[in-house]
Amino acid sequence: MNKMHVDSVLKSYDNRQILSDVFMSCTKGEIIGLLGRNGIGKSTLLKIIFGSVRADNKFVKIDNKYIKGLYDNRNLLNYLPQNNFLPNHVKIKTIIKLFCDKKNASIIINNHLIKPLLDKKIKQLSGGEKRIIEIFLIVLSNAKYILIDEPFNGVAPVHKEEIKKLIIEQSENKGFIITDHDYRNILDIATRTVLIYDGGTKEIKNNEELIQYGYLR
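The sequence shown begins at 1 in full-length UniProt numbering and counts up by one.
Structure representation (structure tokens):
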């Protein structure tokens with residue numbers, strides 16, 4: 001079955017419970033919008049699912065395979081962190097060839113947003129340009145499920161629409177969990193919305209429920 005199942009996630013910092021009673025699922029074709037107030041644990045949850053942060057307890061299963069850590073999720077799961085992760089002194093066209101197979105590298109290289117940047121090094125790009133490169137690399141990876149943290153940060157409004165279009169197109173064959181501080185970008189593309197509230201996850205059916213839980217006013 002094409003499904004990612006996340007359950008029983010517990011995480012505390014300095015004796016303060018951050019996450020408890022967390023349950024999420026994601027199937028191919030879904031874009032899950034993960035919402036919550038700043039500091040409530042959205043980024044931590046994505047890192048726990050990916051395996052880059054240790055949880056006090058977690059259960060993650062992808063396509064009936066139990067995922068214990070980073071080495072178990074190869075070709076199954078990929079993650080775009082908030083912070084830039086690409087090496088500063090390498091040219092864009094080289095990075096694309098290193099990260100992607102020939103088919104996806106060709107798609108990225110021929111994209112009108114990427115073409116003007118190919119001969120530049122990462123250190124020569126603006127924050128928004130770096131983010132665009134990173135998004136394309138992660139979204140067009142061969143992973144079945146993609147976790148994305150703050151994809152629209154620093155990106156020009158017109159380019160945000162291009163990113164939304166890319167994610168929607170790729171969701172035909174992949175599942176996505178996305179969080180961003182601007183909830184409107186998330187609600188624009190989400191097929192389901194999940195709110196982190198009081199340490200747990202709540203499935204959200206409409207904006208009135210976001211008001212009820214104090215996320216919107």
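All residues carry an ideal CB built from backbone N, CA and C; glycine is no exception. Remember, predicted model here, so these are calculated numbers, not experimental data.
DSSP three-state assignment for residue i, whether helix, strand or coil
{"i": "PHE85", "result": "coil"}
{"i": "PHE152", "result": "coil"}
{"i": "ARG217", "result": "coil"}
{"i": "LEU140", "result": "coil"}
{"i": "ASN173", "result": "coil"}
{"i": "GLY33", "result": "strand"}
{"i": "ASN75", "result": "coil"}
Residues that residue i bridges to, as DSSP identifies them
{"i": "ILE62", "result": "MET4, LYS65"}
{"i": "VAL106", "result": "Correcting the residue type first, residue 106 is Ser in the shown sequence and not Val. Partner(s): none; SER106 has no beta bridge."}
{"i": "LEU191", "result": "Before going further, note that residue 191 is Thr rather than Leu in the sequence given. DSSP lists no partner for THR191."}
{"i": "THR179", "result": "ASP149"}
Element boundaries [alpha helix (DSSP H), containing residue i]
{"i": "LEU113", "result": "No alpha helix (DSSP H) contains LEU113, which DSSP labels as neither H nor E."}
{"i": "GLN17", "result": "Note, GLN17: premise wrong, no alpha helix (DSSP H); beta strand (DSSP E) at 16-27."}
{"i": "THR44", "result": "42-50"}
{"i": "LYS202", "result": "Run containing LYS202: none in the alpha helix (DSSP H); it sits in the beta strand (DSSP E), 200-204."}
{"i": "LEU166", "result": "157-170"}
{"i": "LEU125", "result": "Run containing LEU125: none; DSSP gives neither H nor E here."}
{"i": "residue 220", "result": "Any answer about residue 220 is impossible in this case: the structure gives the chain only from 1 up to 217."}
Top-ranked residue by Cα proximity to residue i, from the options
{"i": "ALA156", "options": "ASP182, ILE133, ASN173, GLU129", "result": "GLU129"}
{"i": "residue 233", "options": "PRO87, GLU161, GLY175, ASP14", "result": "The requested residue 233 does not occur in the structure, where the chain is confined to residues 1 to 217."}
{"i": "ASN88", "options": "SER106, TYR145, SER126, SER52", "result": "SER126"}
{"i": "ASP7", "options": "MET24, TYR13, ILE18, LEU19", "result": "MET24"}
{"i": "HIS5", "options": "GLY199, ILE177, ASP188, ASN185", "result": "ILE177"}
{"i": "LYS103", "options": "ASN153, VAL60, ASP180, LEU137", "result": "LEU137"}
{"i": "LYS205", "options": "PHE152, LEU195, GLY214", "result": "LEU195"}
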